[in-house]
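Peer 1: Encoded as structure tokens, here's the structure I'll be asking about.
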Amino acid sequence: MQELKHPFELLISLDLLEPFSDGELVKRCIMESVKCIQRRQFHIAEHLNLSLLQKLNSQTTLFSLTIDESNDICDSAQLIIFIRTLSFDFEIHKDFLSMKSLPGNVRSQDIFEIVEQCCLEFKLDMTCLRGICTDGAPAMLGRKQGFVARLTEYVSEEYNNKSVFLRKRVLQNS
Numbered sequence: 001m002q003e004l005k006h007p008f009e010l011l012i013s014l015d016l017l018e019p020f021s022d023g024e025l026v027k028r029c030i031m032e033s034v035k036c037i038q039r040r041q042f043h044i045a046e047h048l049n050l051s052l053l054q055k056l057n058s059q060t061t062l063f064s065l066t067i068d069e070s071n072d073i074c075d076s077a078q079l080i081i082f083i084r085t086l087s088f089d090f091e092i093h094k095d096f097l098s099m100k101s102l103p104g105n106v107r108s109q110d111i112f113e114i115v116e117q118c119c120l121e122f123k124l125d126m127t128c129l130r131g132i133c134t135d136g137a138p139a140m141l142g143r144k145q146g147f148v149a150r151l152t153e154y155v156s157e158e159y160n161n162k163s164v165f166l167r168k169r170v171l172q173n174s
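The opening position of the sequence shown corresponds to residue 1 in the UniProt record's numbering, with each subsequent residue numbered one higher.
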């Protein structure tokens, strides 16, 4: 069976159908439509990712990260990373950077590795990191082994950046 460029190419061949075979035609049209939508979603996501990467690497002077760990509807842990950047012309931009699944038993080391990998993926200059904002969870704020302690130690040792500030925000359940 050949791949179609457009799902509605099947409709052109209606006159070639045998009686009672239109169910197969509808099924193939739906399947091709789904594939087409998936391809378009992938291309849109890829374009957004590339434009964010370009913006972060060409127009950013300083940035801060907001990290939040939460559970989704299926009760699996997700790590959400936002970035706030300051451009050369002093405009502040807030962007969604990444969302990654966390293992069942979340440790600060897991959070640190995911954030580090995300920063490397987006080629962020860690000498420009100026702030970390978290929700105050124990895995985030442990004094010696928490995520913030690990990240500030990593940034200060690897990039000689000693000007990272922590801002803890308290989220209230309403």
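Glycine included, every Cβ here is placed at the ideal spot set by N, Cα and C.
(1) According to the Cβ coordinates, are Glu69 and Leu102 closer than 8 Å?
(2) Return the bridge partner residues of Ile81 from the DSSP annotation.
(3) On the DSSP letters alone, give me the boundaries of the beta strand (DSSP E) that Ile132 sits inside.
(4) Once you ignore the five residues that flank Lys123 on each side, which residues in its own chain have a CB closer than 8 Å to its CB?
(5) Below 8 Å, can you find three or more Cβ-Cβ pairs linking the segment 103-112 to the segment 31-43?
(6) With a CB to CB cut of under 6 Å and the five nearest residues on each side skipped, what residues in its chain are close to Ser174?
(7) Going by beta-carbon coordinates alone, are Leu62 and Cys119 separated by less than 8 Å?
(8) Closest to Thr66 by C-alpha separation, out of Thr85, Asp72, Val155, would be which residue?
(9) Return helix, strand or coil for Ile111, following the three-state DSSP convention.
Peer 2: Taking the structure as given:
(1) Going by C-beta atoms, Glu69 is nearer than 8 Å to Leu102.
(2) Ile81 pairs with Ile67, Ser98.
(3) It spans 129-134 - the beta strand (DSSP E) in which Ile132 sits, taken as one unbroken run.
(4) Leaving aside the five residues that flank Lys123 on each side, the residues in its chain whose CB is nearer than 8 Å to its CB run, in chain order, Leu53, Leu56, Asn57.
(5) No, they do not touch.
(6) With a pLDDT of only 42 at Ser174, under the threshold of 50, the placement of this residue in the model should not be trusted; the figure read from the coordinates follows. Closer than 6 Å at the Cβ level, and outside the excluded window around Ser174, lies no residue.
(7) When the beta-carbon positions are compared, Leu62 and Cys119 stay at least 8 Å from each other.
(8) Among Thr85, Asp72, Val155, the Cα nearest to that of Thr66 belongs to Thr85.
(9) Ile111 sits in a helix when the DSSP states are folded into three classes.
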